[in-house]
Structure formats: structure tokens, C-alpha cells
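In what follows, a single structure is set out as C-alpha cells and then discussed.
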Amino acid sequence: MHSGYAGCPCRSCQIRLATARERKEEDPIVRAVTDRFHARSAEGIVTYGCTMADNPAPTLEWINHAQEELMDAILYLERLKVDFD
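Going by my numbering, the sequence shown opens with residue 66, and the numbers climb by one from there.
Here you go:
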């Protein structure tokens with residue numbers, strides 16, 4: 066997670082940096098989640114060489130990626146349920 070947005074190349078972080086004085090995130094939970102989204106975006110740009118917006122992958126590939134991510138999430142939740150048994 067980056068402490069500021071200056072080091073992140075994504076357009077969203079650059080806009081947030083430029084408008085940071087104008088807006089102040091009151092909710093620390095929302096701030097933590099959005100910071101993680103921006104950090105993940107920066108990692109993806111490094112890994113894939115482009116933003117999600119600029120990624121030319123076909124629709125079916127996006128659907129497959131989403132399915133894989135959701136399958137992982139189900140596995141994580143199932144593992145966490147073990148802690149309650």
C-alpha cells in the first residue's frame with residue numbers, strides 16, 4: 066500500500082493527488098479500502114504493463130478471471146468457517 070498517490074502511475078491516483086486538498090476522506094474504513102484498491106492497481110500496472118481500462122483482453126477472458134477470483138474467495142471463506150466449528 067502506498068502512503069501517497071504520487072508514486073502510483075494510474076490516472077485515478079494522479080487525479081486524487083491533484084484534488085487531495087479539495088476532498089478529505091472522513092471514514093477510515095473507506096480510506097483503507099480505497100488505498101488498497103490503488104495499491105492493487107499500481108501492482109497490476111507493473112505486472113501487466115497497462116491499466117485495466119487499457120487492457121485489450123476479450124470479454125470472455127475477463128469473465129474467466131472474475132470466476133477464478135470468486136472461486137478463490139469461496140475457498141478463503143470456507144477455510145475461515147473452520148475457525149468457527
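Heads up, the beta-carbon is just placed ideally off N, CA and C, and yes, glycines get one too.
Cβ contact annotation for Arg96 (same chain, cutoff 8 Å, sequence separation greater than five): Glu90, in chain order. By the neighbour-count criterion, in which a residue is buried when 16 or more other Cβ atoms sit within 10 angstroms of its Cβ, Ala107 is buried. When the Cα atoms are used, Thr116 and Arg105 turn out to be separated by approximately 11 Å. No Cβ-Cβ contact shorter than 7 Å links Ile128 with Pro74. Counting only runs of 4+ residues, the alpha helix (DSSP H) found wholly inside the segment 77-141 occupies 93-113, in chain order.
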